[in-house]
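Residue numbers (this note's numbering): 1036 to 1427.
Glycine residues also receive a C-beta, built at the ideal position from the N, C-alpha and C atoms.
First comes the structure, then the notes that go with it.
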């Protein structure tokens, strides 16, 4: 095992932060959470912490603490080492890397996740087919850089919305199936992983984060249609459940969406024949690194109830800073410094791998002007935040 560390500061400060919910549903409260102000670069290597199924939460946490201790030892005692641009590591991704392929390569991103919107590709009817909202040259550039492209399929066009005229509507399933098959044909050989919708567990339809007006039963029909049609094109393509937030149910005392969905899937007598209609699942966890282990552990336990051995991805994670004077935040209910964001990157990836996640992705590469929070490793002018070097 080799770990390459570049030290850029000689102090380790700790600050307690209280995280509270916001209207965006992106944050959870964890009184007394400690975030370390570390500024170091770690090149992640295979088998850093290989956690096998059946390990207890204590064992997982112990592995994570070993990582933190190891980083601290390097931090205090190590001598500076120049870090070269890391090769792509397909365990670690950055959302929307295509907006600056060169900087994504410099960061060492191994994959990127894009949204392909049905309502933009096929807006006018069954016979309509527009160029995708992510143009082909961007996708080709990602592939040429050695990055895998993962696609989210989402967005019901009005003509397929069964009279609802809302992109969140439950679609006509025949139309959805035809779209799923055609888009898989278009990207065959270029895109292997398909995520079916995004965050259907955001149940408050009045919230801007809501993307799905249907029930769990409706989502299962959406999933089954996509699974059968995409697998017809290429059986090696991988179908993912929509990324889930976890906290939208946890904060309101509801049974987790994953558990509710798995009950429906496993009750289907045809499900075993078709791999239970999915190959992987994912979660979105923000601001609270400790929650990453909790979410991964509970997700694995939910799968174990039905003896389902499916990979889990951390599809989105971040702790967007609120103190960047170049991109100020109008309202900052949760003060987070740029140094804390950088520390979060290291902790989040360490904990995701320790917790058994197959992959982990940072959201996102570059800020867009008008974003409510400065998520990007890069500002909208492409200048780097400290988190960029932490990701490397």
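Taking residue 1428 as part of the beta strand (DSSP E), name the residues at either end of that continuous run. For the chain, the structure presents residues 1036 to 1427; residue 1428 sits outside this window and is missing.
Between the Cα of residue 1256 and those of 1221, 1210, 1291, 1222, spot the shortest distance and give me the residue it belongs to. In the chain shown, the residue the question calls residue 1256 occupies position 221. Answer by Cα proximity: 1210.
Evaluate the contact criterion for the segment 1220-1237 versus the segment 1248-1266: three or more CB pairs, one atom per stretch, below 8 Å. Yes: at least three Cβ pairs fall under 8 Å.
List the DSSP bridge partners of residue 1397. For the purposes of this step, residue 1397 is taken as residue 362 along the chain shown, with counting starting at 1. Residue pairing from DSSP places residue 1397 in a beta bridge opposite 1129.
Considering only residues of the same chain and omitting the five flanking positions on each side of residue 1346, which have a CB-CB separation below 6 Å? In the chain shown, residue 1346 corresponds to position 311, counting from 1. Scanning its chain for C-beta atoms nearer than 6 Å, with the 5 sequence neighbours on each side dropped, one finds around residue 1346 the residues 1315, 1393, in chain order.
DSSP state of residue 1278 mapped onto helix, strand, coil: In the chain shown, residue 1278 corresponds to position 243, counting from 1. Reduced to three states, the DSSP call for residue 1278 is strand.
Note down the Cα distance separating residue 1328 from residue 1318, rounded to an integer number of angstroms. Your numbering for residue 1328 matches position 293 in the chain shown. Your numbering for residue 1318 matches position 283 in the chain shown. Distance between residue 1328 and residue 1318, taken at the CA atoms: about 11 Å.
At 3 residues or longer, what runs of the beta strand (DSSP E) sit wholly inside the segment 1146-1206? Runs of the beta strand (DSSP E) lying entirely within the segment 1146-1206, each at least 3 residues long, are 1183-1189 in chain order.
For residue 1411 and residue 1205, what's the separation of their Cα atoms in angstroms? Within the chain shown, numbered from 1, the residue matching residue 1411 stands at position 376. Within the chain shown, numbered from 1, the residue matching residue 1205 stands at position 170. The straight-line gap from Cα to Cα measures roughly 32 Å.
Under DSSP, the beta strand (DSSP E) around residue 1233 begins and ends at which residues? As a first step, residue 1233 is located in the chain shown; it is residue number 198 there, counting from the start. Boundaries cannot be given for residue 1233, as no beta strand (DSSP E) includes it and DSSP labels it neither H nor E.
Nearest to residue 1396 by CA position, among 1146, 1140, 1135, is which residue? Along the chain shown, read from residue 1 onward, the residue named residue 1396 stands at position 361. The shortest Cα separation from residue 1396 among 1146, 1140, 1135 belongs to 1146.
Which residues mark the beginning and the end of the alpha helix (DSSP H) in which residue 1137 is found? Against the chain shown, residue 1137 aligns to sequence position 102. From DSSP, the alpha helix (DSSP H) with residue 1137 extends over 1136-1142.
Pull the bridge partners of residue 1317 from the DSSP assignment, please. Reading the chain shown from its first residue, position 282 is the one you call residue 1317. DSSP lists 1348 as partners of residue 1317.
Distance check for residue 1187 and residue 1274, CA to CA, integer angstroms please. Mapped onto the chain shown, residue 1274 falls at position 239. Mapped onto the chain shown, residue 1187 falls at position 152. So the alpha carbons of these two residues sit roughly 10 Å apart.
Taking all protein chains shown into account, decide if residue 1148 is buried (16 or more other Cβ within 10 angstroms of its Cβ) or exposed. Here residue 1148 refers to the residue found at position 113 when the chain shown is read from its first residue. The residue is buried, with at least 16 neighbouring Cβ atoms inside 10 Å.
Residue 1377 to residue 1360, Cα distance in whole Å? Position 342 of the chain shown, counted from the start, is the residue given in the question as residue 1377. Position 325 of the chain shown, counted from the start, is the residue given in the question as residue 1360. In this model, residue 1377 and residue 1360 are separated by some 16 Å (Cα to Cα).
Three-state secondary structure (DSSP) of residue 1264: For this step, residue 1264 is matched to residue 229 along the chain shown. Secondary structure of residue 1264 (DSSP, three-state): helix.
Can you give me the Cβ contacts of residue 1380 inside the same chain, cut-off strictly under 7 Å, excluding the 5 residues immediately before and after it? The sequence position of residue 1380 within the chain shown is 345, counting from 1. Closer than 7 Å at the Cβ level, and outside the excluded window around residue 1380, lie 1397, 1422, 1425, 1426.
Could you say which of 1126, 1253, 1334 lies nearest to residue 1342 if we only look at CA atoms? Within the chain shown, residue 1342 is the residue found at index 307, counting from 1. For the residues 1126, 1253, 1334, the minimum Cα distance to residue 1342 belongs to 1334.
Strand pairing of residue 1353, partner residues [DSSP]: Along the chain shown, one-based indexing puts residue 1353 at 318. Partner(s): 1321.
Using three-state DSSP, classify residue 1361 as helix, strand or coil. For the purposes of this step, residue 1361 is identified with residue 326 of the chain shown, where counting begins at 1. In the structure shown, residue 1361 sits in coil (DSSP, three-state: anything other than H, G, I, E or B).
Grab me the residues of residue 1245's own chain with a C-beta within less than 7 Å of its C-beta, minus the 5 sequence neighbours each way, in chain order. One-based indexing of the chain shown puts residue 1245 at position 210. 1203, 1237, 1239, listed in sequence order.
Simplified DSSP assignment, three categories, for residue 1326: To locate residue 1326, count along the chain shown from 1; it is residue 291. In this structure, residue 1326 counts as helix in the three-state DSSP scheme.
Following the continuous alpha helix (DSSP H) through residue 1426, name the residue where it begins and the one where it ends. Numbered from its first residue, the chain shown carries residue 1426 at position 391. That run of the alpha helix (DSSP H) goes 1421-1426.
How long is the line joining the alpha carbons of residue 1180 and residue 1288, rounded to whole angstroms? Working through the chain shown from its first residue, we reach residue 1180 at position 145. Working through the chain shown from its first residue, we reach residue 1288 at position 253. Each residue's Cα considered, the two are about 44 Å apart.
Rounded to whole angstroms, what's the CA-CA distance from residue 1356 to residue 1414? Just pull it up for me. Within the chain shown, residue 1356 is the residue found at index 321, counting from 1. Within the chain shown, residue 1414 is the residue found at index 379, counting from 1. Spanning the two alpha carbons is a distance of roughly 11 Å.
Pairs of beta-carbons, one from the segment 1277-1294 and one from the segment 1194-1202, closer than 8 Å: are there three or more? Touching, no.
Pull up the distance between the alpha-carbon of residue 1185 and that of residue 1349, whole angstroms please. Numbered from its first residue, the chain shown carries residue 1185 at position 150. Numbered from its first residue, the chain shown carries residue 1349 at position 314. Whole-angstrom Cα-Cα distance: 13 Å.
C-beta contact flag for residue 1254 and residue 1297 at 9 Å: Residue numbering aside, residue 1254 sits at position 219 when the chain shown is read from its first letter. Residue numbering aside, residue 1297 sits at position 262 when the chain shown is read from its first letter. Their beta carbons are not under 9 Å apart, which means residue 1254 does not touch residue 1297 by this criterion.
For residue 1273, three-class secondary structure by DSSP: Here residue 1273 is taken as the residue at index 238 of the chain shown, counted from 1. Three-state DSSP puts residue 1273 in a strand.
From the DSSP output, in three-state form, read off residue 1124 for me. Locating residue 1124 in the chain shown gives position 89, counting from the first residue. Note: residue 1124 maps to strand in three-state DSSP.
In whole angstroms, give me the CA-to-CA distance for residue 1088 and residue 1159. Here residue 1088 corresponds to residue number 53 of the chain shown, with the count starting at 1. Here residue 1159 corresponds to residue number 124 of the chain shown, with the count starting at 1. With a pLDDT of only 39 at residue 1088, under the threshold of 50, the placement of this residue in the model should not be trusted; the figure read from the coordinates follows. Using only the alpha carbons, I get a separation of about 48 Å.
Coarse secondary structure for residue 1501, derived from DSSP in three states: Because the chain is modelled from 1036 through 1427, residue 1501 falls outside the range shown and cannot be assessed.
Under the three-state reduction of DSSP, which class applies to residue 1418: helix, strand or coil? Along the chain shown, one-based indexing puts residue 1418 at 383. When DSSP states are grouped into helix, strand and coil, residue 1418 belongs to the coil group.
So, helix, strand or coil for residue 1211, using DSSP? As a working note, residue 1211 is residue 176 in the chain shown. The answer is helix: DSSP assigns residue 1211 an H, G or I state.
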